[in-house]
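Heads up: the structure comes next, in structure tokens.
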Ligand code: NAD
Ligand code: TDX
């Protein structure tokens, strides 16, 4: 049977790259993409993907149980990426994070359970994050997160992802639902919403603006190119062990100051463009991923993440796609969607009769 994958959050950064990746790698597969088109979700990210028998877009909220049930009924598998994803926003208001990340995941799990159990087939791949492990100290470079590290989320975003991650585990353990959990490090690449550090800094520099570096700039992140994460997602969908959790990383740790200096170098600008600003509350010091399990059990390798090439390619993408990020930054697409579709009222979504 031809696979028909439900991708949630397919209009976001990773989702849109994954839609394109699956279409290129598995041309026979069908894809349905459900996305609510939040600030980070953008139909322009898939402007080059026509809707046809291989690809369908549905604007909707993953908390809408009847809609999600209908969509899953038509699908063979789910890659669940939809989420509120920006840590700073979660510090300002945690509620949407509980709605989409926790309630949304539970809605997907219940619908998957009903449909896949009745059919005795169907897999759910869930994008958790390395942030669920909390933070590592800067003075212990020997330490990395393994799949057995305790979950110690430190901000509302990572706490909501940890809750969802544990719900996925519980549905596997309790009901035997075929699930795979992936915990990946920081992604970079094309079509990333410019509230995340790399596209924010690159586009600010292209606009002649300063870049706001939080705190002392010594916080460390582990960077993977989004195409490598897409290949990991596909690998886990096809060959991951049911019930397993896999870390995904590319051994590419950099402090934020090192990252900023690298971006300034690529764009030919000087350190005077850095503005040291107040630190993020509860700012995790260091993330570092040990991806040995995925590499050895599933023979997966990161092949597109090495710096400086991968970072230079990414900067070039933003240079070549100025109209995309200028429109995103000015909110032009949001006005378009508001006219075209009408915006969802969160309260309405809690009601099963909403649709
Ligand atoms: P993103 O913010 O760019 O995209 C998220 C997408 O989900 C958007 O298109 C948004 O409209 C959609 N969405 C949000 N709430 C929804 C809802 N209730 N119903 C339907 N759609 C909804 O995020 P991203 O960076 O592409 O991340 C995708 C997934 O990967 C997330 O689950 C995130 O937690 C995880 N992840 C991201 C990274 C990273 O570095 N970007 C690293 C590890 C894990
Ligand atoms: O303006 C900024 N200045 C700054 O110094 C921003 C936006 C960020 N930073 C720092 C904070 C972090 O140490 O850069 C680092 C990266 O920040 P983000 O891009 O916000 O990513 P992070 O908080 O590390 O979380 C990301 O990786 C894990 C994604 O946003 C999550 O969705 C993913 O789960």
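Numbering (this note's numbering), first residue to last: 5 to 359.
Just so it is clear, CB atoms sit at the ideal spot from N, CA and C, and this is done for glycine as well.
| Check | Outcome |
| --- | --- |
| Touching by the beta-carbon criterion (3+ pairs, under 8 Å), the stretch 318 to 333 and the stretch 189 to 209 | yes |
| Which listed residue (309, 328, 234 and 51) has its alpha carbon closest to that of residue 30 | 234 |
| Burial state of residue 127 (16 or more Cβ within 10 Å) | buried |
| Own chain residues within Cβ distance below 8 Å of residue 271, not counting five before or after | 206, 209, 210 and 319 |
| Opening and closing residue of the beta strand (DSSP E) in which residue 227 lies | 224 to 229 |
| Proximity below 8 Å, CB of residue 165 to CB of residue 135 | yes |
| Buried versus exposed call for residue 52 [16 or more other C-beta atoms within 10 Å across all chains shown] | exposed |
| Contact test: residue 218 Cβ vs the ligand TDX heavy atom, cutoff 7 Å | yes |
| Proximity test, residue 239 beta-carbon vs the ligand NAD heavy atom, cut-off 7 Å | no |
| Residue 95 vs residue 160 beta-carbon contact at 8 Å | yes |
| Cβ neighbours of residue 6 in the same chain (closer than 6 Å, five flanking residues each side left out) | 32 |
| Opening and closing residue of the alpha helix (DSSP H) in which residue 51 lies | Note, residue 51: premise wrong, no alpha helix (DSSP H); not H, not E. |
| Expected contact under 8 Å - CB spacing of residue 85 and residue 11 to nearest Å | 7 Å |
| Close Cβ partners of residue 179 (< 6 Å) along its chain, the five nearest in sequence each way excluded | 117 |
| Buried/exposed call for residue 13, threshold 16 Cβ in 10 Å | buried |
| Opening and closing residue of the alpha helix (DSSP H) in which residue 1 lies | Nothing in the structure corresponds to residue 1, since the chain is present only between 5 and 359. |
| Three-way DSSP call (helix, strand, coil) for residue 74 in this model | helix |
| Residues near residue 102 by beta carbon distance below 7 Å, same chain, minus five either side | 164 |
| Backbone CA spacing between residue 281 and residue 221 [nearest angstrom] | 10 Å |
| Residue 238 to residue 23 span [Cα, whole Å] | 11 Å |
| beta-carbon residue 204 near the ligand TDX non-hydrogen atom, thresh 7 Å | yes |
| Contacts around residue 73, its chain only, beta-carbon distance under 6 Å, and the 5 residues preceding and following it disregarded | 115 |
| Closer than 7 Å: residue 88 CB and nearest the ligand NAD heavy atom | yes |
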